[in-house]
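All residue numbers for the sequence shown refer to my numbering, where the first residue is 4 and numbers rise by one. Just so it is clear, CB atoms sit at the ideal spot from N, CA and C, and this is done for glycine as well.
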Amino acid sequence: MKKSTIITIGCIVGVIALIGIPTCSSYNGMVSQQETVDAQWGKVENQYQRRLDLIPNLVNTVKGYAEHESSTLQNVTNARVGMPSDSALMQAYAQALEVNKSSTPTESGIRSLQNLERQMGLYINAVHEAYPDLKASQNFTQLQDELAGTENRIATERGRYTDAVRDYNVRIKRFPGNIVAGLFGFEPKPQFEANEGASVAPTVSF
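This is how it looks when you write it as structure tokens:
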């Protein structure tokens, strides 16, 4: 084999190595970060599921405590603009349950979870106005503690999810990572963003 041929082959191999090694590294890094985002989303969903498990107990506790004045809460909710009834809260609850069937985050799924937060906050405020003495109920006090703990866990996991999404999205948008991302179909992940007028935290303070 001629020396010039060997040099040519060597140059080709070198170019392939120069392109291939960084490309493989970028690809593998993106895969790892994508999996990190999905895994962190799973942790967020687990904490939302904890909250979802508590919502029927919240509604039933309120109803059980105030059976003798069943119309009071409905009257309060009707009197205030945007105040949800049981059905509005449970509809948001049903939509949020659907989110947990997906292993990857979507913008519509995130909006459903945010809507549930809003409905819960409004519902609890309505309970506060309608049944100020409900704080004396031991069951409701325990439920308050569970909800507060759940909100803290959600906030923590959402913060970690936000960080993971930021790192992933930055990587696939920066050059030359954006080229690799385009070649292999890596798409940006949706982020939690506060909706104007819909960021009422479902905490309870009587």
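Does the separation of the CB atoms of residue i and residue j fall below 8 Å?
i    : j    : result
Q52  : N118 : no
L55  : Y96  : yes
V62  : R161 : no
V173 : K192 : no
A91  : Q122 : yes
R177 : Q50  : no
I175 : M33  : yes
S29  : G185 : no
S106 : G112 : no
Going by C-alpha distance, which of the options is nearest residue i?
i    : options                   : result
F143 : P59, F178 and N155        : P59
L116 : S28, C27, R174 and Q194   : Q194
E149 : L57, D136, Y30 and K66    : L57
E120 : D166, Y30, T153 and L137  : T153
T64  : R114, D89, T107 and I157  : D89
P108 : N128, P135 and V40        : V40
Y68  : T159, P135, D170 and A184 : P135
R126 : L100, K66 and N31         : Here the sequence assigns Tyr to residue 126, which means Arg is not the residue at that position. Comparing Cα positions, the closest option is K66.
A151 : E132, A129 and G124       : G124
Should residue i be flagged as near chain D, meaning a C-beta pair shorter than 8 Å?
i    : result
F195 : This model lacks chain D altogether, as it is built from one protein chain only.
Between residue i and residue j, how many whole angstroms is the CB-CB distance? I'm expecting something under 8 Å.
i   : j    : result
Q43 : Y164 : 4 Å
Answer yes or no: the CB of residue i versus the heavy atoms of the ligand FAD, is any distance below 7 Å?
i    : result
F187 : As for the ligand FAD, it is missing from this structure, which has no ligand bound.
* **Any alpha helix (DSSP H) of 4 or more consecutive residues that is wholly inside the stretch 154-188** => 180-187
* **Continuous alpha helix (DSSP H) assignments of at least 4 residues falling wholly in the stretch 91-144** => 110-133
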